[in-house]
Structures are given as C-alpha cells and as structure tokens.
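According to the numbering used here, the sequence shown holds residues 320 to 503 in order.
Where a beta carbon is used, it is the ideal one built from N, C-alpha and C, also for glycine.
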Amino acid sequence: MPNALIYVIDMAKREEYSVLKNFLAKAGYDVRTAIGSRDTNMNYDVDLMDMPRDEAAELAEKFDLLALAGGYKIYYYVLRKKPPLKIWDLNIDVDKLNALVEQFFKSGKLLVAPLAVPGHLAQLGFLKGRDATVYPTTELVRILKDNGARFVNRQVVRDKNVITVKDVTAVGEKEFLSVFREAT
320 MPNALIYVID MAKREEYSVL KNFLAKAGYD VRTAIGSRDT NMNYDVDLMD
370 MPRDEAAELA EKFDLLALAG GYKIYYYVLR KKPPLKIWDL NIDVDKLNAL
420 VEQFFKSGKL LVAPLAVPGH LAQLGFLKGR DATVYPTTEL VRILKDNGAR
470 FVNRQVVRDK NVITVKDVTA VGEKEFLSVF REAT
C-alpha cells in the first residue's frame with residue numbers, strides 16, 4: 320500500500336484535513352499526518368518542529384505523496400498579508416515546508432495542493448508552464464498567472480505530479496478520486 324503524508328499547516332478550516340485524509344484513504348493510501356507547530360491541535364505521526372531541515376526533506380524517500388492542508392495560515396502567507404486577528408500567528412517554518420515540497424516535487428512524487436496552497440507552489444516556481452486551479456479569489460488567480468501557471472477554472476486539475484484542488488471541502492469524492500487516479 321502506498322504511503323501518503325498530510326502536512327497540516329493550519330487547522331482553522333478543520334474539514335480541509337479530514338476530507339483530504341478520507342479521500343486519500345479511499346484512493347488506497349496509508350495516510351500519516353505531520354505538524355509543524357504546537358498550535359495545530361491534533362494527533363500526528365511526524366513532528367516537523369524538532370526535525371532538522373535535511374531530515375524533513377528526506378521524508379520524500381518514505382512517502383509516495385505529500386498533501387498540504389494550509390488553512391488560513393498559508394492563505395495569508397501567500398498573499399503576504401497580516402491576519403485580521405492579533406491572536407493569529409502565521410508560525411510557519413517556511414524553510415522546512417519548502418525543503419519538503421521541493422524534495423517531493425524533484426523526486427516526481429505526487430503533490431496534492433488544495434485551496435491557497437497552489438499559490439505557494441506557483442511562487443516557488445513549481446507550477447510554471449502547468450495547468451492548475453486555486454481557491455477562486457482574484458489575488459490567488461493572479462499569483463498563479465504571474466508565476467507562469469495556466470489557471471484552469473475546475474475543481475480538480477492534474478498536471479504531471481501535481482494535483483491542485485480549488486476547494487477540497489466542496490469537491491465531490493468521485494470527481495477528486497477520478498482525477499487523482501489518473502495521476503497514479
């Protein structure tokens with residue numbers, strides 16, 4: 320059975336993680352969870368907080384797929400905006416996140432990027448010349464286009480080893496799995 324790692328960056332949009340986990344399990348993956356900060360209140364298998372950058376990147380050798388549940392933290396990070404509430408701390412170890420994503424990408428392993436996460440992948444240059452979707456805000460769509468991605472207004476878009484999802488909480492299971500299975 321292939322292994323999937325879901326890196327939960329933020330739990331503010333709780334159903335994002337649970338839907339991703341459910342869909343990946345139904346696609347036949349043994350799903351594990353990673354966290355990168357203590358404000359992510361959940362059970363986890365991999366703690367990226369105390370893990371050195373190189374060790375985090377090596378997770379690509381142990382897993383066949385990386386899914387990112389970014390929540391509001393990644394949304395505000397991608398837009399370079401300050402969150403509206405003072406109690407919100409973006410608290411993202413971007414260096415480890417990027418090392419992990421880069422290693423999966425370069426290894427040709429699957430990346431699943433819902434909501435605002437495709438904006439981050441575009442900023443890293445990983446969507447240049449590729450079809451992708453993103454949560455439908457003008458700013459996020461512009462980020463995709465400005466970084467060389469071709470925005471496709473569909474719920475789920477697959478291009479090579481990257482699967483982008485407009486809103487994983489709104490996409491149907493059948494639609495997600497059909498596009499997902501095309502990539503495997």
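With a threshold of 16 other beta carbon atoms within 10 Å, residue 460 meets it and is buried. In this structure, the straight-line span from the alpha carbon of residue 434 to that of residue 489 is close to 10 Å.
Looking at the DSSP output, residue 399 sits in no beta bridge, so it has no partner there.
In its chain, beyond the 5 residues on either side, 452, 482, 483, 484, 485, 490, 494, 495, 498, 499 have a beta carbon closer than 8 Å to the beta carbon of residue 475. Annotation note: the region 322-373 contains the following uninterrupted alpha helix (DSSP H) runs of length 4 or greater, listed N- to C-terminal: 333-345. Membership of residue 457 in the alpha helix (DSSP H) is indicated by the continuous run 457-465.
Positions of the beta strand (DSSP E) runs, each at least 3 residues long and wholly inside the region 418-498, are given as 429-433, 475-478, 481-484 in order along the chain.
Between residue 410 and residue 443, the C-beta spacing is not below 8 Å.
Around the beta carbon of residue 344, fewer than 16 other beta carbons sit within 10 angstroms, so the residue counts as exposed. Between residue 373 and residue 354, the C-beta gap is not smaller than 8 Å, which leaves the two residues out of contact.
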